[in-house]
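What follows is a single structure, written as structure tokens, with notes after it.
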Amino acid sequence: MQKYLYSFKLYLLTSFQYRFDTVLGLVMSNISIFITIVFWLLVYRSNGTGVVNGYKIADMVTFFVVSSLFRTFILIGSGFEISGMIKNGELSKVIIKPYSINMFLFWKYLSNAFYEFSKQFLFMLLVIPFFARYLTWDLTVHSAILLVICLAIGTVISHLIWMLLGMMAFWLEQAQAVMWSFAVILNFLSGMFIPLDFFPRWSVKALEMMPFAAFSYIPAKLYMNQLPFIKGANLLLVYLIWVFVLMILNMIVWRAGIKKYSAIGG
Amino acid sequence: MYYLNLVKEQAKLSFMSLAIYRANFVLMLMQSILNTTLGILCVEFIYIHVDSIAGWSQNEMIILYCTSMIVNQIYRGLINPNHLRFIESISSGSFDRMLIKPVSIIFQINTGSIDYSSLLSLIAPIIVLILKIGALDISISGLNVILFLAFLANAVILLTSFMMLLYSLAFKHIKVYGLTGIYFILMSMSEKPKEIFSCKEIMYAFIMLIPSIPLAYVPASLLLNKGSIPDMIAAAVSGILFFLISISAIKKGIRNYTSASS
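Those sequence lines, one after another, are chains A and B.
Each residue of the first sequence is one higher than the one before, counting from 77 in my numbering.
Each residue of the second sequence is one higher than the one before, counting from 29 in my numbering.
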């Protein structure tokens with residue numbers, strides 16, 4: 077375990093090296109959120125009632141602000157890294173080392189997630205006083221506990237899903253193109269563009285049970301205290317089951333892929 | 029004629045490359061169509077709960093979105109691969125080879141390879157656009173269509189010039205890949221009506237400084253008889269200004285350029 081924690085610390089320190097990139101990334105991502113929020117302000121101005129699908133304007137702004145914060149814990153990088161390693165043969169060097177590549181990538185990209193979360197959180201602390209009237213704060217102790225657990229589970233789920241998608245490179249020449257397609261679908265179905273309860277009613281319950289709802293939609297609903305405790309706890313159990321299912325799938329795919337894997341050269 | 033022949037040869041070479049990497053072509057095409065479809069679904073889901081947004085009905089908003097997609101895919105198909113190759117060439121030193129060729133450097137920066145998957149994925153937004161126009165209870169005249177096409181061309185030129193201006197920073201800063209984020213922000217803004225900017229000064233800033241409004245709002249509003257002469261003039265002026273400024277920036281960059289390799 078120490079080796080993984082060491083790599084976590086190392087990659088966290090590396091993230092602090094590229095300051096210009098950090099500032100640029102921070103500015104870009106927050107402009108995107110700002111555009112989304114301004115668009116929804118227009119929707120509410122046009123609607124006139126102040127409530128759209130049960131969301132008040134403060135609820136909608138809060139949803140997008142907190143879900144953008146929670147999305148920093150989606151470990152998309154691990155999938156692309158494993159895919160790259162398989163494609164260019166780097167995997168050969170890694171599989172002979174005395175550690176699990178899965179765990180290594182998890183801790184590496186978790187450090188990156190902490191870094192992204194920290195800088196985004198600090199930025200929001202600076203900006204929030206100017207937009208306080210557009211935000212809600214309904215977090216209770218019970219919701220906070222569920223939120224933290226949900227974020228942890230969502231992080232693990234995102235890593236396992238992306239590792240599965242990255243391991244397509246064992247069979248597909250153009251795995252990364254397929255992965256980007258999945259990224260678009262996952263973003264859509266995880267409520268990145270609009271909250272899942274804006275989807276047709278018949279689909280909402282099913283989408284909430286899907287593992288990607290844990291990325292940001294359910295954590296945002298927990299933050300806003302819009303999910304009853306029992307329902308939140310039940311959903312967490314469902315996501316835990318998804319973690320086990322995805323872990324088993326990862327093991328099966330990894331074993332099948334490694335049998336097929338070959339790399340030319342040393 | 030010389031440049032036309034060059035464009036023909038480039039198109040042929042790009043097509044030959046596509047024939048080799050068929051799977052990649054199919055996958056990129058699927059991804060582009062998926063992007064368009066999911067974007068349209070987002071608009072449809074919002075309109076389940078509202079009747080109109082800033083006077084734009086569901087069909088009109090989808091037409092706006094499709095117009096943005098058309099501009100986006102034309103840029104990604106014809107220009108974007110060449111812009112990325114340009115900024116790569118500055119850091120790798122291969123820009124020197126571009127300088128010694130007997131072809132205009134502006135031409136080389138903007139042309140070269142064609143992404144046929146992006147061009148083919150134009151089919152989805154064009155079909156949806158035509159269907160939604162048919163569903164609207166308005167008459168579209170020939171003049172509307174001509175103005176739409178003219179300002180669509182203006183939008184592509186404007187986007188190309190704006191991105192070329194940004195990428196000219198590569199002459200000074202070398203690694204400018206982070207600036208592609210501005211492209212995604214620009215396209216995200218262009219999918220929305222100009223009414224998101226409630227303040228007139230901010231609105232004009234998004235025509236003349238960060239030109240998102242002329243990209244899709246102006247052509248779409250002209251198609252839907254919602255356009256205005258000031259918007260048309262502002263869009264045209266913005267297009268011309270950015271075109272001239274971007275060329276001047278590239279020429280200045282070349283004057284200050286020093287090679288990264290021998």
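Built from N, CA and C at the ideal position, the CB exists for glycine as well.
It should be emphasised that the depicted structure is a prediction, and the values quoted were computed from it without experimental measurement.
The alpha-carbon of B:D124 is positioned some 26 Å away from that of B:M44. Relative to the Cα of A:F199, the nearest Cα in the group A:F264, A:M104 and A:S338 belongs to A:M104.
Around B:Y93, the same chain offers G67, I68, V71 and E219 as residues with beta carbons nearer than 7 Å, after the five sequence neighbours per side are excluded. Only buried fits A:V119, as 16 or more other CB atoms lie within 10 angstroms of its CB.
B:S60 is positioned such that its CB atom lies closer than 7 Å to that of B:S149. Your pair B:P239 and B:S266 checks out as a contact, with CB atoms roughly 5 Å apart and the cut at 8 Å. Counting C-beta pairs with one atom in each stretch, the stretch 216-235 of chain A and the stretch 150-159 of chain A have three or more that are closer than 8 Å, which means they touch.
DSSP places B:M260 inside the alpha helix (DSSP H), whose first and last residues are I257 to N284.
Taking C-alpha positions only, A:R121 is separated from A:V127 by approximately 10 Å. Taking a beta-carbon distance threshold of 7 Å, A:L118 counts as an interface residue toward chain B. Annotated three-state conformation of A:W213 is coil, per DSSP.
Within the stretch 276-304 of chain A, the alpha helix (DSSP H) runs of at least 4 residues that lie entirely inside it are, in chain order, 277-285 and 293-299. Rounded to whole angstroms, the gap between the alpha carbons of A:P304 and A:L316 is 18 Å.
Residue contact check for B:N100 against chain A: no CB pair falls below 7 Å. The Cβ atoms of B:P247 and B:F179 sit closer than 7 Å to each other.
Counting only residues of its own chain and dropping the five nearest sequence neighbours on each side, A:F246 has a CB closer than 7 Å to the CB of I162, G333, K336 and Y337. A direct Cα-Cα distance of roughly 12 Å separates A:M327 from A:S176. The contact set of B:L66 on chain A, defined by CB atoms closer than 8 Å, consists of V260, I261, F264 and F269 in chain order.
Burial check for A:I237: the Cβ neighbour count within 10 Å reaches 16 or more, so the residue is buried. For the C-beta of A:Q302, not a single chain B residue is nearer than 7 Å; the gap to the nearest is close to 16 Å. In the three-state DSSP reduction, B:I168 falls in the coil class, being neither helix nor strand. If you check each beta-carbon in the stretch 96-107 of chain A against every beta-carbon of chain B, the ones closer than 9 Å belong to F96, D97, L100, G101, V103, M104, S105 and I107.
The count of Cβ pairs closer than 8 Å, one atom from the stretch 247-254 of chain A and one from the stretch 129-140 of chain A, stays below three, leaving the stretches out of contact.
Look at the stretch 225-245 of chain B: it has no residue with a C-beta under 7 Å from a C-beta of chain A.
Inter-segment contact for the stretch 205-216 of chain B and the stretch 177-195 of chain B is present: three or more beta-carbon pairs are separated by less than 8 Å. Under the 7 Å criterion on CB atoms, A:N188 is classed as non-interfacial with respect to chain B. The three-state reading of DSSP puts A:I152 in coil, since its state is none of H, G, I, E or B. Annotation: A:Y191 to A:L88 spans about 7 Å, alpha carbon to alpha carbon. Closer than 7 Å to the CB of B:E88 there is not a single CB belonging to chain A. If you look at B:M97, you'll find it in the alpha helix (DSSP H) that goes Q86 to L106.
The beta-carbon of B:M217 is placed less than 7 Å from the nearest beta-carbon of chain A. It is roughly 13 Å from the alpha-carbon of A:N129 to the alpha-carbon of A:V280. As the crow flies, the alpha-carbon of A:N310 is around 35 Å from that of A:V203.
A Cβ of chain B is located within less than 7 Å of the beta carbon of A:F115.
The C-alpha of A:L272 is placed about 11 Å away from the C-alpha of A:W278. DSSP, reduced to helix, strand and coil, places B:I81 within a strand of the structure shown.
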